[in-house]
Amino acid sequence: MANEPQSPVKDPHDDLISVLEASLQAVWKMETYASDAEAAGDTELAEWFRKIQENNRTAGEQGKRMLAQRLQNQGG
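Numbering that gives the first Met the number 0 numbers the first residue of the sequence shown as 0 and each following residue consecutively.
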């Protein structure tokens, strides 16, 4: 993050891990939001939340593959 102090030890995967975490958290949140919308009878909104959820799920899967490959390449 821009306002956080520089760490003396910067992990080269910090940004990838942060975005991966955010994507996977969004998948969980969108499930809650979609359920709330369905309970309120708003199928249009529920479908929109589910589309966002699927986009985040895809991004999360891509991020997991990228992180695994990068860790494997560096031997860690």
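The C-beta atom is built at its ideal place from N, Cα and C for all residues, glycine as well. Quick caveat, the model's predicted, so the values are computed rather than measured.
Apart from the five residues on each side of it in sequence, which residues of its chain come closer than 8 Å, Cβ to Cβ, to Leu66? His12, Leu15, Ile16 and Leu19
In this structure, how does DSSP classify Ala39 when only helix, strand and coil are distinguished? coil
My output table needs one value for Gly10: the three-state DSSP class, helix, strand or coil. One point to set straight first is that residue 10 is Asp, not Gly, in the sequence displayed. If DSSP states are grouped into helix, strand and coil, Asp10 belongs with coil.
Have a look at Gln52 and Met29 and give me their C-alpha separation to the nearest angstrom. 5 Å
Could you tell me the alpha carbon to alpha carbon distance between Ala21 and Ser34, rounded to whole angstroms? 20 Å
Gly74 (DSSP reduced to helix, strand or coil): coil
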